[in-house]
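S.K.:
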Amino acid sequence: MTSQQDTDRDTGRMIQCDGWGLKRLIEAGLTWLDRNHQYVNALNVFPIPDGDTGINMLLTMRSAYKEIAEDDTNHAGRIAQKVARGALMGARGNSGVILSQIWRGFSREIEPLEAFDVRQFAAAMREASDTAYNGVVKPVEGTILTVIRQASEAAEIAAQSTDDLADAFDQVVRRCRQAVAETPQLLQVLADAGVVDAGGEGLTILLEGMLRLIEGEPLDTALARELQPLDLEAVGAAMEAVEPGQDWEVVIDFRPRWELELSSFYNRLEKLGTSIQLGQGDDLCRMHIHLPKDMRYEPIEFVETLGTVVNVHMENLLDQVDQLRGGGSAAGPAARLMEQQEIEPGQIASIAVAPGSGIADAFVSLGVARVVAGGQTMNPSTEEIVAAIEAVETDKIVVLPNNKNIVMAARTACKVSSKQARVVPTLNVPQGVSALLALEPDGDLDAVAEAMEAAAGEVSAGEITTATREVELKGVEVRKGDILGLADGELWCAGPKVAPVVKETLEGMGTRERELLTLYYGVDTTAQEAGEMADSIQEWYPHLEIEVIHGGQPHYFYILSAE
Amino acid sequence: MRLAVSRFGIVTDSTSDIPPELAEEWDIHVVPCYINFGTESYLDQIEMSRSEFYERLASGQECPTTAAPPAGMFAEVYQRLLSTASGIISIHPPDQLSALRQAALNGWDLVEGPGERPFRALDAGQLSMGLGWIVVRAAQAARAGADMAAIEKLVADLRNRVHLLAALDTVRYLRRSGRVGWARGTIGKFLRLRPLLRIFQGRITSLGYTRTRASSIERLIVHLRQLGELESVTTIYTQIPEIVDQFHQRLGELQLPEPVLTVNVTPILGTHVGPGSVGFVAIQRQGRPAS
Chain S
1 MTSQQDTDRD TGRMIQCDGW GLKRLIEAGL TWLDRNHQYV NALNVFPIPD
51 GDTGINMLLT MRSAYKEIAE DDTNHAGRIA QKVARGALMG ARGNSGVILS
101 QIWRGFSREI EPLEAFDVRQ FAAAMREASD TAYNGVVKPV EGTILTVIRQ
151 ASEAAEIAAQ STDDLADAFD QVVRRCRQAV AETPQLLQVL ADAGVVDAGG
201 EGLTILLEGM LRLIEGEPLD TALARELQPL DLEAVGAAME AVEPGQDWEV
251 VIDFRPRWEL ELSSFYNRLE KLGTSIQLGQ GDDLCRMHIH LPKDMRYEPI
301 EFVETLGTVV NVHMENLLDQ VDQLRGGGSA AGPAARLMEQ QEIEPGQIAS
351 IAVAPGSGIA DAFVSLGVAR VVAGGQTMNP STEEIVAAIE AVETDKIVVL
401 PNNKNIVMAA RTACKVSSKQ ARVVPTLNVP QGVSALLALE PDGDLDAVAE
451 AMEAAAGEVS AGEITTATRE VELKGVEVRK GDILGLADGE LWCAGPKVAP
501 VVKETLEGMG TRERELLTLY YGVDTTAQEA GEMADSIQEW YPHLEIEVIH
551 GGQPHYFYIL SAE
Chain F
564 MRLAVSRFGI VTDSTSDIPP ELAEEWDIHV VPCYINFGTE SYLDQIEMSR
614 SEFYERLASG QECPTTAAPP AGMFAEVYQR LLSTASGIIS IHPPDQLSAL
664 RQAALNGWDL VEGPGERPFR ALDAGQLSMG LGWIVVRAAQ AARAGADMAA
714 IEKLVADLRN RVHLLAALDT VRYLRRSGRV GWARGTIGKF LRLRPLLRIF
764 QGRITSLGYT RTRASSIERL IVHLRQLGEL ESVTTIYTQI PEIVDQFHQR
814 LGELQLPEPV LTVNVTPILG THVGPGSVGF VAIQRQGRPA S
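First to last, the sequence lines map onto chains S and F. Note that the first sequence covers residues 1 to 563 in our numbering. Note that the second sequence covers residues 564 to 854 in our numbering.
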């Protein structure tokens, strides 16, 4: 940076930031947010609450910048003050309001200063966080609030060890990224939808832009993140992810002796495991964690230092997953991979990701070499897919992710693997089945992968699930608890009853032109219900051949496949 | 009364599916196989017609088995032929799939006074009309005066150019037969599963599956086109002629070669594939590399 006073050009250190410097930082933050606000929007397409977080934060920041655009004062306090006023005047949406509070707090501390150093920056960040919290009647963790608080903590820590603002910014941004990544652990609704908090992400992008300026990285070139808009498939939720190694769930009810210091509480638990949650009642707390088997007693010992343990519940999640698959075989990470029929070396084998016991069986019956458990709300890791690839007795492999959210992990796994592995990017179970059927074990790998992808495109898929929130999307109005019908991945219809939604979805899938319908019924649907549904479908489409398969998938009453 | 007497006697078995008129035209001697339903045994196409066989296969709970004719039956045919032929060439399905060639060899051992006259039992690497056409070509060469070495070379060459592809209506029979390793795993999840298979150079390989008849036919056509220039196409099917019509209609629409012949295939294969299958035997033009 050139405009800061006291910048040591030889080392790139930044001891103080003056008004010009602050203005350039804000400009950089705004530019970077502008570049990336669509990503923030995408995070918030569903669940709906305050729709367009990215654009709201961007408009708030634009309004803030307008106040200083023509101002060339070198007084940092005056710049901060003007920005705070502009943000307040232009705040849109919840996240915009909170962002303006952040600027208000920040400027209050900077106001008298011509230039600020690391310690003053840390103090301003603390004030920013406090002001933001105070501005919300009922602060919710796992949001932009958590991110600004952690940012201020990071700034304070940095101030103790460095006098370099560049260094402090770097630490703040790192902490923000981590805090954002952890928001789903703090806020169930995020975990359910499979997203991180949008507001927290927006704030991180703003600070990231500032850091990029300091580090001399371009602000106008590539997007910081790949745009991955969510779709309504993220609707279903509840089933908890089982991460590799994190195969035990421990829930402890305890009575704390004094008020819990949450950040140190979480810090301690984060060293043990994941999916950490804390519920606080009048005098009783309940904590929840996923961790490896050999660490499963440690949370109890830790909580005993904080108060009286009342009740402990422990569960082997891998065993649950196995039970779900109708398996119940030996525990341990290997249990997630099912052993299948032998493949001759040199032949092409396939690996499929399957979201339910019955669907796993179906893939097995069609000859996949390995099934990796996973689906909408339990995406398998790259590592698990690599493990499956390496375990197959041939070096030519086709991977079927069967879910949009797993395609990337599958691609990475194929790159990482030493074998010749290809991804056929199937987006749902019907596509996966269709692709798998086209597998010629003795063919040329690339030609086979291509033929499989073509086959995947020949099938129409429908998914019937429940809405967990209210939403209006593409002209379809959805109330919480409604049954949703998705045709080929797009929200098609919604209503209070399953059968009419199935009927309408089938129309959306172009079933009239098709020959065969396969109905995979989920874990919450009985065989009798599925049979009755098949009878109704037969009445609607007398020409259709119908097959009913126990899919055992969570969240989806039915997965429909028309061919 | 024929004027030209073939130098070599050409023998095959009923898995070749050669229509009787064609066999007669080229002096091909077809030894019938046995079809067993429970304890009852029938000679293929002599004591039981193809239609009877498939009706019984589809309707009954009973699972038929097929058996190679006893060596003695081959011996009888060879013995009779030796009165006029200067040698015998007996052409059969691949050893991996049947014991027929072994039965033929055993039959030759029983022949009395063969003298110096040569005998060969050849593995055509094919079934049904895949085998059938190789036998017919061998008989034509013999008629034209080819010697043993030339006929052997011809069979070896055709082995690399004749492809049989079939789309089955169900995986049930294939699974039940236990003959094909890759079908064994496909246990009962999907009712509607139509395997596609290829027989080439003595091996049966999976070409995957489809779930509808229409897509089966499309896939057959994709494979037919991949074979490039062809000398001929023959339609093979098991029992249900409507599927043949569907296949032929698509061939016509796409202006692909018209089949020279349509045959209801041997129960030896039919037992393992079941009724409702359709496919083709294609002979690639000479000089084409084996795919």
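Note that the Cβ used here is the ideal one computed from N, Cα and C, for glycine as well.
What does F682 of chain F touch in chain S if you count any residue whose Cβ is under 8 Å from its own?
M.R.: Proximity of chain S to F682 of chain F at the Cβ level (cut-off 8 Å) is not reached, the minimal Cβ distance being about 35 Å.
S.K.: Counting pairs of beta carbons, one from the segment 678–687 of chain F and one from the segment 707–717 of chain F, are three or more of them closer than 8 Å?
M.R.: yes
S.K.: Inspect the beta-carbon positions of L620 of chain F and P804 of chain F and report whether they are closer than 9 Å.
M.R.: Not closer than 9 Å, so no.
S.K.: Looking at C-alpha atoms only, which residue of F:R643, F:R735, F:S612 is the closest neighbour of W837 of chain F?
M.R.: The question names Trp, yet the displayed sequence has Gly at residue 837 of chain F. Looking only at F:R643, F:R735, F:S612, the smallest Cα-Cα distance to G837 of chain F is reached by F:R735.
S.K.: Leaving aside the five residues before and after L187 of chain S along the sequence, list all residues of the same chain whose C-beta is less than 6 Å from its C-beta, in chain order.
M.R.: G142
S.K.: Of the residues that make up the segment 347–379 of chain S, which ones have a beta carbon closer than 7 Å to any beta carbon in chain F?
M.R.: D361, A362, S365, L366, G367
S.K.: Going by other Cβ atoms of all chains shown within 10 Å of its Cβ, with 16 needed for buried, is D607 of chain F buried or exposed?
M.R.: The residue is buried, with at least 16 neighbouring Cβ atoms inside 10 Å.
S.K.: Can you name the residues that DSSP bridges to N827 of chain F?
M.R.: F:Y800
S.K.: Going by the beta-carbon positions, is the gap between P570 of chain S and S561 of chain S smaller than 9 Å?
M.R.: This structure leaves residue 570 of chain S out entirely; chain S is present only between 1 and 563.
S.K.: My output table needs one value for M61 of chain S: the three-state DSSP class, helix, strand or coil.
M.R.: helix
S.K.: Mind checking if D442 of chain S is an interface residue toward chain F, Cβ cutoff 9 Å exclusive?
M.R.: yes
S.K.: Between the segment 107–132 of chain S and chain F, which residues of the former have CB atoms less than 9 Å from a CB of the latter, in chain order?
M.R.: If the cut-off is 9 Å between Cβ atoms, the segment 107–132 of chain S has nothing near chain F.
S.K.: Hey, would you say E208 of chain S sits closer than 9 Å to G29 of chain S, going by beta carbons?
M.R.: yes
S.K.: Report yes if the CB atom of T578 of chain F is closer than 9 Å to the CB atom of S653 of chain F, and no otherwise.
M.R.: Pairing T578 of chain F with S653 of chain F gives a Cβ-Cβ distance that is not under 9 Å.
S.K.: Which residues in chain F sit within 9 Å of E507 of chain S, going by Cβ to Cβ distance?
M.R.: In chain order: nothing, as chain F lies at least about 20 Å away.
S.K.: Using CA coordinates, which residue listed in S:M452, S:S417, S:A159, S:R149 is at the minimum distance from V180 of chain S?
M.R.: S:R149
S.K.: At a Cβ cut of 9 Å, what residues of the segment 421–439 of chain S count as close to chain F, listed as they run along the chain?
M.R.: For the segment 421–439 of chain S, which is checked against every Cβ of chain F, the residues closer than 9 Å are V433, S434, L436, L437, A438, L439.
S.K.: Looking at the structure shown, is I483 of chain S part of a helix, part of a strand, or coil, going by DSSP?
M.R.: strand
S.K.: Among residues of its own chain, excluding the 5 on either side of V40 of chain S, which ones have a beta-carbon nearer than 6 Å to its beta-carbon?
M.R.: Sequence-distant partners of V40 of chain S (beyond 5 residues in either direction) whose C-beta falls short of 6 Å from its own C-beta, in its chain, are T53, G54, A198, E201, G202.
S.K.: Which residues of the segment 520–547 of chain S have a Cβ closer than 8 Å to any Cβ of chain F? Give them in chain order.
M.R.: Going along the segment 520–547 of chain S in chain order, one finds E545, E547 with a Cβ nearer than 8 Å to chain F.
S.K.: Cβ closer than 7 Å: which chain F residues qualify as neighbours of E453 of chain S?
M.R.: None at all; the shortest Cβ gap to chain F is about 13 Å.
S.K.: Taking buried to mean at least 16 other C-beta atoms within 10 Å of its own C-beta, is L402 of chain S buried or exposed?
M.R.: Rather than Leu, the amino acid found at residue 402 of chain S in this sequence is Asn. Buried, because 16 or more other Cβ atoms sit within 10 Å of the Cβ of N402 of chain S.
S.K.: Thinking C-alpha only, which one of F:P627, F:W696, F:S661 is nearest D580 of chain F?
M.R.: F:W696
S.K.: Measuring CB atoms only, is the segment 391–405 of chain S touching the segment 424–439 of chain S, in the sense that at least three cross pairs come out at less than 8 Å?
M.R.: Counting C-beta pairs closer than 8 Å gives three or more between the segment 391–405 of chain S and the segment 424–439 of chain S, which meets the contact rule.
S.K.: Count the other CB atoms within 10 Å of the CB of W258 of chain S; is the residue buried (16 or more) or exposed (fewer)?
M.R.: exposed
S.K.: How would you write the range of the beta strand (DSSP E) that V250 of chain S sits in, first residue to last?
M.R.: 248–256
S.K.: Could you pull the DSSP bridge partners for H75 of chain S from this structure?
M.R.: Bridge partners of H75 of chain S: none, in fact.
S.K.: With 9 Å set as the bound, which would you pick, yes or no: does the beta-carbon of R755 of chain F sit closer than that to a beta-carbon of chain S?
M.R.: With respect to chain S, the C-beta atom of R755 of chain F has a partner C-beta closer than 9 Å.
S.K.: Return the residues of the segment 779–803 of chain F that lie within a Cβ-Cβ distance of less than 7 Å from chain S, sorted by chain order.
M.R.: none
S.K.: Taking the beta strand (DSSP E) that G670 of chain F belongs to, which residues open and close that run?
M.R.: Unbroken run through G670 of chain F is the alpha helix (DSSP H), 663–673; no beta strand (DSSP E).
S.K.: Between S:I483, S:L269, S:S129, S:V372, which has its C-alpha nearest I144 of chain S's C-alpha?
M.R.: Of the listed residues, the one whose Cα sits closest to I144 of chain S is S:S129.
S.K.: By how many angstroms is the C-alpha of A64 of chain S removed from the C-alpha of A84 of chain S?
M.R.: 7 Å
S.K.: Using 9 Å as the limit for Cβ to Cβ distance, is I559 of chain S near chain F?
M.R.: no
S.K.: Could you spell out the range, first to last residue, of the beta strand (DSSP E) harbouring H550 of chain S?
M.R.: 545–550
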